[in-house]
Amino acid sequence: MQAHKLITWLSIPLMAMMVSVTTGNVPRVPYIIKGCVLSASDQKPVEKVYVSTVVGEEEALTDKNGNFELNTWEKLPVTLQVQHADFVPEKIVLTDVSQKQVFRLKKK
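Going left to right, the sequence shown walks through residues -16 to -1, 1 to 92 as mature numbering (1 follows the signal peptide of the UniProt record, and there is no 0) numbers them.
In structure tokens, the structure reads:
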């Protein structure tokens, strides 16, 4: 019985160390990326732009005002893909997500 308790007490710190090692590259809370997509030619908002992370599965669509919000667990820097049928697609690398991002897309 004593050996069982000892094994249990030894396994708890070991499991905690394993979790901290395997999750070391992931933020403790998701990053919230907020932004707006505009047309480069006239500075008007672009609706229904597909915004996604290159790594992972996070995605969003812009609203009628060109705004989007995306939550990601990816560590910085994070690369976003910005795509719309009428515009040239872009990949953008973000190193700071504390400010609202503004993207300007060029028409095809």
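Ideal Cβ placement from N, Cα and C applies to all residues, glycine included. Keep in mind it's a predicted model, so treat the numbers as computed, not measured.
| Query | Result |
| --- | --- |
| Minimum C-alpha distance to LEU89 - residue among TRP57, PHE52, ILE16 and VAL33 | VAL33 |
| Distance between beta carbons of VAL86 and VAL66, contact taken as under 8 Å | That pair is no contact at about 11 Å. |
| CB-CB length for GLU42 against LEU54, believed under 8 Å | 5 Å |
| Under 9 Å between C-beta atoms of THR63 and VAL38 | yes |
| DSSP three-state assignment for VAL33, whether helix, strand or coil | coil |
| Simplified DSSP state of LYS84, which is helix, strand or coil | coil |
| Selection from THR79, GLU58, ASN49 and LEU60 that minimises the alpha carbon distance to CYS20 | ASN49 |
| Those residues which DSSP pairs with SER23 across a bridge | LEU89 |
| Beta-bridge partners of residue 95, as assigned by DSSP | Shown here, the chain extends from -16 to 92; a query on residue 95 therefore has no answer. |
| Which of helix, strand or coil DSSP assigns to ASN75 | Sequence check: residue 75 is Lys here, not Asn. Strand at LYS75. |
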